[in-house]
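Student: Pasting a structure here, questions to come.
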Amino acid sequence: LHIARDDARLAALEEALALLAPDIDLLVLPAWDTVPYDRASPHADIVARRLDALSRLAAQPHRVGRIVLAPVASVLQRVIPLNRLKGASFAAHKGGSLDMAALTGFLATNGFARTETVMEPGEYAIRGGIIDLFPPGLAEPLRIDLFGDEIERIRSFDALSQRSTTDVDSFALWPMSEAPLDADSIQRFRTNYRELFGAVSASDALYESVSAGRRHEGLEHWLPLFHDGLDTLFAYLPEAAVTLDYQVGEAIDARQSLINEYYQARCERNASEGGIYNPIPPQRLFLDLAEWERHLRPRPCLTFSPFAPAEGQALRR
């Protein structure tokens, strides 16, 4: 696991590794492209990349020879529980049968959005015996041709021109949202929300939307309430060595200051506006410095620096 200090450094390292070591098994876990306690949801493409990486790690947690890249913001944020992703998939192949009810049920409860035309990861469209869908982790969406319940053909296609490009033998789907909206998750959210914030007003659009099974913009910022506890990225990498970018310590301090600043601002505004936005406590969604150190302590850990440390001085992790 290499922890980059920011998104720019992450992108540079990803590009360099692709050029210098194209055969390496490389996974990237980007951070959400939102500020803490935002009203907006992270972009679908970011979520797709995150869940693709986490699903692959959940399937092979002890794989040797793999490099995982993640920025400080991503590692400091708690992630969907490991056991939630184990077995949380849907697969089909050419010539096999497709249970349409099972497929649409999986898509609806795992964050996929039904559209007229599939353009971005996490979207799907159904037109009679043709299903278009864009699984996370793929460069192009897929078009599935059915003959009755049998999959007659699977093709990738260009999202802009909608023209088919390559025949595909099979496909696999993972959740498209870190905040699932199945019946158990909705009930868990409702219970946790009331326990944390007390009585719910009729003007609480987030609570009403989730209760009705509808996706509310920004609901990911209440991620812990949808699960029985979150995990950390370290739980997905039980035996991984860790390398740290230069100035990761400073990046951690800056990120934690930002989290606390936005949390305090939300609390103050919530008090003045009468409960329109109820922010969850930072420790429910983010690691503090003590927990960060606790996860690093038992692992082989290297810190990159352009300078030699002063005599007798250790580099800060």
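In case it helps, the working numbering puts the sequence shown at residues 1104 to 1420.
A virtual CB, placed ideally from N, CA and C, is assigned to each residue, including glycine.
As the structure is a prediction and not an experimental result, all values here were calculated from the model.
Using the beta-carbon count (16 or more within 10 Å), is GLU1281 buried or exposed?
Tutor: By 1-based counting over the sequence shown, the position of residue 1281 is 178. Buried, by the Cβ-count rule.
Student: Near ALA1195, which residues of its chain fall below 7 Å by C-beta distance, leaving aside the five closest residues on each side in sequence?
Tutor: Position 92 of the sequence shown, counted from the first residue, corresponds to residue 1195. LEU1201, ILE1254, SER1273 and PHE1274.
Student: Look at the Cβ atom of LEU1347, then the Cβ atom of THR1406, and state whether they are nearer than 8 Å.
Tutor: For this step, residue 1347 is matched to residue 244 along the sequence shown. For this step, residue 1406 is matched to residue 303 along the sequence shown. Cβ distance < 8 Å, so LEU1347 and THR1406 count as in contact.
Student: For VAL1171 and LEU1104, which I take to be in contact (beta-carbon distance under 8 Å), what is that distance rounded to the nearest angstrom?
Tutor: For the purposes of this step, residue 1171 is taken as residue 68 along the sequence shown, with counting starting at 1. For the purposes of this step, residue 1104 is taken as residue 1 along the sequence shown, with counting starting at 1. Right, their Cβ atoms sit about 5 Å apart.
Student: Going by DSSP, name the residue or residues bridged to ILE1149.
Tutor: If you number the sequence shown from 1, residue 1149 lands on position 46. In DSSP, ILE1149 forms no bridge with anything.
Student: Given a cut-off of 8 Å on the beta-carbon distance, is the pair ARG1258 and LEU1249 in contact?
Tutor: For this step, residue 1258 is matched to residue 155 along the sequence shown. For this step, residue 1249 is matched to residue 146 along the sequence shown. Not in contact: ARG1258 and LEU1249 (Cβ atoms no closer than 8 Å).
Student: Comparing C-alpha positions only, which one of ASP1307, GLU1376 and ASP1391 sits nearest to ASN1363?
Tutor: The count along the sequence shown starts at 1 and reaches residue 1363 at position 260. Checked all of ASP1307, GLU1376 and ASP1391; the closest Cα to ASN1363 is ASP1391.
Student: Tell me, to the nearest whole angstrom, how far the beta carbon of PRO1184 is from that of LEU1333; I am working on the premise that it is less than 8 Å.
Tutor: In the sequence shown, the residue the question calls residue 1184 occupies position 81. In the sequence shown, the residue the question calls residue 1333 occupies position 230. Between LEU1333 and PRO1184 the Cβ distance is about 6 Å, and since that is below 8 Å, they are a contact.
Student: If distances are taken between C-alpha atoms only, which option among ASP1252, ILE1247, TYR1296 and GLY1240 comes closest to LEU1130?
Tutor: By one-based count along the sequence shown, residue 1130 stands at place 27. Residue GLY1240 is the option with its Cα nearest to LEU1130.
Student: Between which two residues does the beta strand (DSSP E) holding ASP1235 run?
Tutor: Stepping through the sequence shown from its first residue, residue 1235 is reached at position 132. Residues 1233-1236.
Student: Taking the straight line between their C-alpha atoms, what separation do you get for THR1269 and ILE1234?
Tutor: Here the question's residue 1269 lines up with position 166 in the sequence shown. Here the question's residue 1234 lines up with position 131 in the sequence shown. In a straight line, the C-alpha of THR1269 is about 16 Å away from that of ILE1234.
Student: Which value, in whole angstroms, describes the spacing of the CA atoms of ILE1355 and SER1177?
Tutor: Position 252 of the sequence shown, counted from the first residue, corresponds to residue 1355. Position 74 of the sequence shown, counted from the first residue, corresponds to residue 1177. So the alpha carbons of these two residues sit roughly 11 Å apart.
Student: Which ranges does the beta strand (DSSP E) cover as unbroken runs of at least 3 residues, wholly within the stretch 1310-1377, from first to last along the chain?
Tutor: Within the stretch 1310-1377, the complete beta strand (DSSP E) runs of at least 3 residues are 1345-1347.
Student: First and last residue of the alpha helix (DSSP H) that includes SER1177?
Tutor: As a working mapping, residue 1177 is identified with position 74 in the sequence shown. Counting along the chain, the alpha helix (DSSP H) containing SER1177 begins and ends at 1175-1179.
Student: Could you name each continuous beta strand (DSSP E) segment of 3 residues or more that falls completely within the stretch 1241-1287, going from the start of the chain to the end?
Tutor: The stretch 1241-1287 contains these whole beta strand (DSSP E) runs: 1245-1250, 1253-1260, 1267-1270 and 1273-1276.
Student: Taking the alpha helix (DSSP H) that GLU1118 falls in, what are its first and last residues?
Tutor: For the purposes of this step, residue 1118 is taken as the residue at position 15 of the sequence shown. Counting along the chain, the alpha helix (DSSP H) containing GLU1118 begins and ends at 1110-1123.
Student: Would you check if there are 3 or more beta carbon pairs closer than 8 Å linking the stretch 1218-1238 to the stretch 1120-1136?
Tutor: Contact between the stretch 1218-1238 and the stretch 1120-1136 is absent, because fewer than three Cβ pairs lie under 8 Å.
Student: Quick one: what's ALA1216 bridged to in DSSP?
Tutor: Along the sequence shown, read from residue 1 onward, the residue named residue 1216 stands at position 113. According to DSSP, ALA1216 bridges with GLU1226.
Student: Apart from the five residues just before and just after PHE1389, which ones in its own chain have a Cβ nearer than 8 Å to its Cβ?
Tutor: Taking the first residue of the sequence shown as position 1, residue 1389 is located at position 286. Around PHE1389: PRO1139, LEU1179, GLN1180, ARG1181, GLN1359 and ILE1362.
Student: Specify the secondary structure class of ALA1308 as computed by DSSP and reduced to three states.
Tutor: Along the sequence shown, one-based indexing puts residue 1308 at 205. The answer is helix: DSSP assigns ALA1308 an H, G or I state.
Student: Please report how far the alpha carbon of LEU1322 lies from the alpha carbon of ARG1293, in whole angstroms.
Tutor: The count along the sequence shown starts at 1 and reaches residue 1322 at position 219. The count along the sequence shown starts at 1 and reaches residue 1293 at position 190. Straight-line Cα distance between these residues: approximately 13 Å.
Student: Check ILE1106 in the structure and name its three-state DSSP category.
Tutor: Looking up residue 1106 in the sequence shown gives position 3. In the structure shown, ILE1106 sits in a strand (DSSP, three-state: E or B).
Student: At what residues does the beta strand (DSSP E) containing LEU1129 begin and finish?
Tutor: As a position in the sequence shown, residue 1129 is number 26, starting the count at 1. Segment 1128-1131, the beta strand (DSSP E) holding LEU1129.
Student: Tell me the DSSP bridge mates of SER1192?
Tutor: Here the question's residue 1192 lines up with position 89 in the sequence shown. Answer is none; SER1192 lacks a bridge partner.
Student: Taking CB distances under 8 Å as the criterion, tell me whether HIS1324 reaches chain D.
Tutor: The chain labelled as chain D is not found in the depicted structure, where only one protein chain is given.
Student: Is the distance from the Cβ of ALA1143 to the Cβ of GLU1320 below 8 Å?
Tutor: Mapped onto the sequence shown, residue 1143 falls at position 40. Mapped onto the sequence shown, residue 1320 falls at position 217. Closer than 8 Å, so yes.
Student: Go ahead and pull the three-state DSSP assignment for ARG1169.
Tutor: Taking the sequence shown and counting its residues from 1, one reaches residue 1169 at position 66. DSSP places ARG1169 in strand when its eight states are reduced to three.
Student: Check whether the Cβ atoms of TYR1339 and LEU1157 sit closer than 8 Å, and answer yes or no.
Tutor: Here residue 1339 is taken as the residue at index 236 of the sequence shown, counted from 1. Here residue 1157 is taken as the residue at index 54 of the sequence shown, counted from 1. Yes, Cβ-Cβ distance for TYR1339 and LEU1157 is below 8 Å.
Student: Out of curiosity, what's the CA-to-CA distance linking PHE1329 and ALA1286?
Tutor: Along the sequence shown, read from residue 1 onward, the residue named residue 1329 stands at position 226. Along the sequence shown, read from residue 1 onward, the residue named residue 1286 stands at position 183. Computed Cα separation, rounded: 11 Å.
Student: Do you know offhand how far LEU1309's Cα is from PRO1278's?
Tutor: Walking along the sequence shown from the start, residue 1309 turns up at place 206. Walking along the sequence shown from the start, residue 1278 turns up at place 175. The alpha-carbon atoms of LEU1309 and PRO1278 are separated by roughly 21 Å.
Student: Is GLU1226 buried or exposed, if buried means 16 or more other CB atoms sit within 10 Å of its CB?
Tutor: Taking the sequence shown and counting its residues from 1, one reaches residue 1226 at position 123. With 16 or more Cβ atoms within 10 Å of its Cβ, GLU1226 is classed as buried.
Student: Assign PHE1407 to one of three DSSP states: helix, strand, or coil.
Tutor: As a first step, residue 1407 is located in the sequence shown; it is residue number 304 there, counting from the start. Here PHE1407 sits in coil by DSSP.
Student: Helix, strand or coil, according to DSSP, for SER1144 in the structure here?
Tutor: Residue numbering aside, residue 1144 sits at position 41 when the sequence shown is read from its first letter. In the structure shown, SER1144 sits in coil (DSSP, three-state: anything other than H, G, I, E or B).
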